[in-house]
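In what follows, a single structure is set out as structure tokens and then discussed.
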Amino acid sequence: MQKPIRLGLIGCGGIVQITHARAYRALTDTVQVTALADVVPENLQKIGDLFNVPTENRYTDYREMLEHAALDVVTIATPHSLHAEQVIEAANAGVAIISEKPMATNLAEADEILAAVRQNDVPYTVVHNYIFTAGMRVAMTELEALGQPHFGRSTGMGLKPADFSADHPTPAFAWRASKAKGGGCIIDTSYHEIYSVCTLMQSPVRYVEARVQTMQLDIDVDDLAMLLCEHENGAITTVSGAWCVPGTDSGWCEMHAENGSLRVNHRHNVSDALRRFTRAEGWKQLELPEFDEAERTDASGHARYFMETFNALAAGAAVPVSPEMAYHNLSIIEAARKATTERRAIEISLP
């Protein structure tokens, strides 16, 4: 695949305007946004004008974009319930696919996605941006010295607005509060906490116990997710996520091993992104590498994720987040829901 990669956007809403667009603008030698699709005219205009996309390449139907625009790659940034359909259509169109998380709302849809991707032999990846933050990247270089991880925990706590509902005037709030659109705490924000702690533990999850419930908010999806996971190597992790906790806005991930511990801050505070504990030094804030321009304007990890992903696609190499990684994360979520219903530990089959 030659550079600049010709990129089409399926969905031009909040996440694209807030984070994706910054990454694309920092990677102009690598990728060029050449076509857009969104059902909201204002989104098309805002992103189309930002990237000087010709009017004829701005579509309200993504299928028309796939049929008529000359593209190498598409990104999908739409409500969760639309991911499976859109990924499959893109795979059938023969373009590489970068999808926002999750890959689908359930494993049955995910199986259909994998079948379509394999049948059409197209690259496919899902955005796991937290593992591309500077704090997480430095943390990965510390793991060997600290020894085999045996316990980890990850949390993301906050409070949604009082009027958070499926009828909220802000689309990003409305669909996240809707079961029909694939919303809910565990599959939206807690999704990040799950793959983050799994990455630090360096071992897939085999058993899940959980309570995934609607505790406070007047919505038909969960606002609280508590998971207890056993990994293949015997390590234990906990994941705590909530949309109904007043007075806090916390997001971090910890790994504890024989020779020390790591704590990664996910709340975009790069001045305190990573701490390490050893018996000799106690807790110590670690220095991070100098941020390039993309990372200075976006500390969520999206910039680095897109840079590494587009470079891999251009080189014909493996993408940094494999379909199997995304499938495993969704397997944990589905197991947590089942564990809640059946009040027992659920075993996850590994590939």
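Using this note's numbering, you'd call the opening residue of the sequence shown number 2 and step up by one each time. Here a beta-carbon is modelled for each residue, glycine too, at the ideal position from N, C-alpha and C.
Check whether the Cβ atoms of residue i and residue j sit closer than 8 Å, and answer yes or no.
{"i": "Y208", "j": "A337", "result": "no"}
{"i": "I356", "j": "E113", "result": "What the structure shows of the chain is the stretch from 2 to 352, and residue 356 is not part of that stretch, so it cannot be assessed."}
{"i": "T156", "j": "G252", "result": "yes"}
{"i": "A24", "j": "F307", "result": "yes"}
{"i": "V75", "j": "I48", "result": "no"}
{"i": "P324", "j": "V118", "result": "yes"}
{"i": "E203", "j": "P150", "result": "The amino acid at residue 203 is misidentified as Glu; the sequence shows Gln. Contact flag set, yes."}
{"i": "T249", "j": "G159", "result": "yes"}
{"i": "L201", "j": "C254", "result": "yes"}
{"i": "D73", "j": "I6", "result": "yes"}
{"i": "P103", "j": "L331", "result": "yes"}
{"i": "A178", "j": "A167", "result": "yes"}
{"i": "V139", "j": "S100", "result": "no"}
{"i": "I187", "j": "A226", "result": "yes"}
{"i": "T142", "j": "V198", "result": "no"}
{"i": "M362", "j": "A315", "result": "This structure cannot settle anything about residue 362, because the visible part of the chain is limited to 2 through 352."}
{"i": "N121", "j": "N93", "result": "yes"}
{"i": "L147", "j": "L45", "result": "no"}
{"i": "A105", "j": "A85", "result": "yes"}
{"i": "A91", "j": "I98", "result": "yes"}
{"i": "D221", "j": "K161", "result": "no"}
{"i": "V41", "j": "V54", "result": "no"}
{"i": "E288", "j": "F133", "result": "no"}
{"i": "G14", "j": "A173", "result": "yes"}
{"i": "H267", "j": "H329", "result": "no"}
{"i": "M66", "j": "A36", "result": "yes"}
{"i": "Y60", "j": "A38", "result": "yes"}
How big is the Cα-Cα spacing for residue i and residue j?
{"i": "V206", "j": "S301", "result": "25 Å"}
{"i": "G183", "j": "W244", "result": "16 Å"}
{"i": "A111", "j": "E282", "result": "45 Å"}
{"i": "P170", "j": "E231", "result": "40 Å"}
{"i": "F303", "j": "T342", "result": "The amino acid occupying residue 303 in the given sequence is His; Phe does not appear at that position. Each residue's Cα considered, the two are about 34 Å apart."}
{"i": "A70", "j": "A236", "result": "48 Å"}
{"i": "L8", "j": "R154", "result": "37 Å"}
{"i": "A211", "j": "G242", "result": "11 Å"}
{"i": "F311", "j": "Y125", "result": "12 Å"}
{"i": "R276", "j": "H257", "result": "12 Å"}
{"i": "E348", "j": "E335", "result": "11 Å"}
My output table needs one value for residue i: the three-state DSSP class, helix, strand or coil.
{"i": "K1", "result": "Coverage of the chain is limited to positions 2 through 352, which leaves residue 1 absent and any answer about it impossible."}
{"i": "S197", "result": "helix"}
{"i": "V209", "result": "strand"}
{"i": "V75", "result": "strand"}
{"i": "S179", "result": "coil"}
{"i": "G15", "result": "helix"}
{"i": "A319", "result": "coil"}
{"i": "A327", "result": "helix"}
{"i": "F311", "result": "helix"}
{"i": "F52", "result": "coil"}
{"i": "R280", "result": "coil"}
{"i": "A38", "result": "strand"}
{"i": "K285", "result": "strand"}
{"i": "L218", "result": "coil"}
{"i": "L147", "result": "helix"}
{"i": "L225", "result": "strand"}
{"i": "L411", "result": "Here the chain comprises residues numbered 2 to 352, so residue 411 is not present and cannot be evaluated."}
{"i": "D250", "result": "coil"}
{"i": "T342", "result": "helix"}
{"i": "I187", "result": "coil"}
{"i": "F165", "result": "coil"}
{"i": "G302", "result": "coil"}
{"i": "T20", "result": "helix"}
{"i": "G95", "result": "coil"}
{"i": "N121", "result": "helix"}
{"i": "A70", "result": "coil"}
{"i": "M137", "result": "helix"}
{"i": "P170", "result": "coil"}
{"i": "A116", "result": "helix"}
Look up residue i in the DSSP assignment and give the residues it is bridged to.
{"i": "Q33", "result": "R7"}
{"i": "E348", "result": "Y208"}
{"i": "E255", "result": "R154, R264"}
{"i": "T238", "result": "G153, C230"}
{"i": "S100", "result": "I77, V127"}
{"i": "C245", "result": "L160"}
{"i": "R59", "result": "L37"}
{"i": "L275", "result": "V265"}
Taking the beta carbon of residue i as the centre, do at least 16 other beta carbons fall within 10 Å, making it buried, or is it exposed?
{"i": "K285", "result": "exposed"}
{"i": "I333", "result": "buried"}
{"i": "V96", "result": "buried"}
{"i": "S326", "result": "Checking the sequence, you will find Met at residue 326 rather than Ser. The residue is buried, with at least 16 neighbouring Cβ atoms inside 10 Å."}
{"i": "N130", "result": "buried"}
{"i": "I19", "result": "exposed"}
{"i": "N234", "result": "exposed"}
{"i": "L351", "result": "exposed"}
{"i": "R305", "result": "buried"}
{"i": "D62", "result": "exposed"}
{"i": "D223", "result": "buried"}
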